[in-house]
Amino acid sequence: MEIIQNAVPIPETQTSPAERTQISSFGQLGERKGTYDILAIAPALYAKHPEVTIHLYGDGDIKQAQEIIRAKQLKNIRIGGWITATEKEKAMQQTMIHLLPSYQEGLPMSILETMAHGIPNISTYVGGIPDIIEPGKDGFLIHPGDHELLLAALSTLIEQDAEREKMSLAAAEKIKTQFSMPAYIHKWNQLYSEWDN
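Residue numbers (this note's numbering): 165 to 361.
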């Protein structure tokens, strides 16, 4: 059986990787998406890179996340909450790394969308994610709950501009060739032609 994955639009304009300054997580806040793992590594990340801020976008456990931020006095976390399509596009243009350290997933649209914008992802070996991200080429994959590797992957992409830019280009190219609408239509046409024969 052949699985045809979702398609995402290719952005018309892109900011260069060098102009992007924030780390983002797009998706429902909560344990399933690894939000609390992001909050857990925030103090260590701040100690190494106080100039970097992580923005959490989406609905879900916003109050719980805010309570942890207050209790731990996390200076490098911002709750973006639910945002419109226009606001999301603006956030994408400012994002240099996308975090989604999920415990359960199918095929997250947020990963496809961020990769289409040339944003390297740090995610996990769950669901369909390993079918999209090739570790070391267009992102990093860790096992859920591995705080040490999550921090290490983040530090690598923050500190190594050339590596991040290389992954950025690879991510955008993968979506263009495999997950864009033209690629999606091509796969369906191929499948229909096989059925006809």
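Think of the CB as a built atom: it goes at the ideal place given N, C-alpha and C, for glycine as much as any other residue.
Please read these numbers as outputs of a predicted model, since none were measured by experiment.
Rounded separation between residue 295 and residue 215 - CA only | 33 Å
With DSSP as the reference, please indicate the residues paired to residue 244 in a beta bridge.
-> Bridge partners of residue 244: none, in fact.
Kindly indicate the opening and closing residues of the alpha helix (DSSP H) around residue 180.
-> Residue 180 -> no alpha helix (DSSP H), and no H or E assigned at all.
For residue 209, which beta-bridge partners are listed by DSSP?
-> According to DSSP, which records beta bridges pairwise, residue 209 is partnered with nothing at all.
Below 8 Å CB to CB, which residues in the same chain sit around residue 218 once its five sequence neighbours on both sides are set aside?
-> 186, 187, 188, 189, 202, 206, 209, 240, 241, 242 and 263
Using a Cβ-Cβ cut-off of 7 Å (strictly less than) and excluding sequence neighbours within five positions of residue 338, which residues of its own chain qualify?
-> 279 and 302
Taking the Cβ atom as the reference point for each residue, do residue 184 and residue 273 lie within a distance shorter than 8 Å?
-> no
Identify which residue in 286, 275, 193 and 290 has its Cα closest to the Cα of residue 117.
-> What is shown of the chain runs 165 to 361, which leaves residue 117 out entirely.
Just to confirm, are residue 297 and residue 265 a CB contact at a threshold of 8 Å?
-> no
Contacting residues, own chain, Cβ-Cβ under 7 Å from residue 282 (five flanking each side not counted) = 178, 181, 332, 333, 335 and 336
Where residue 236 falls, given that 16 or more other Cβ within 10 Å makes a residue buried = exposed
Return the Cβ separation of residue 244 and residue 220 in integer angstroms, given the expectation that the two are a contact with Cβ distance under 8 Å.
-> 6 Å
Among 229, 325 and 222, the one whose alpha carbon lies nearest that of residue 252 = 222
With DSSP as the reference, label residue 228 as helix, strand or coil.
-> helix
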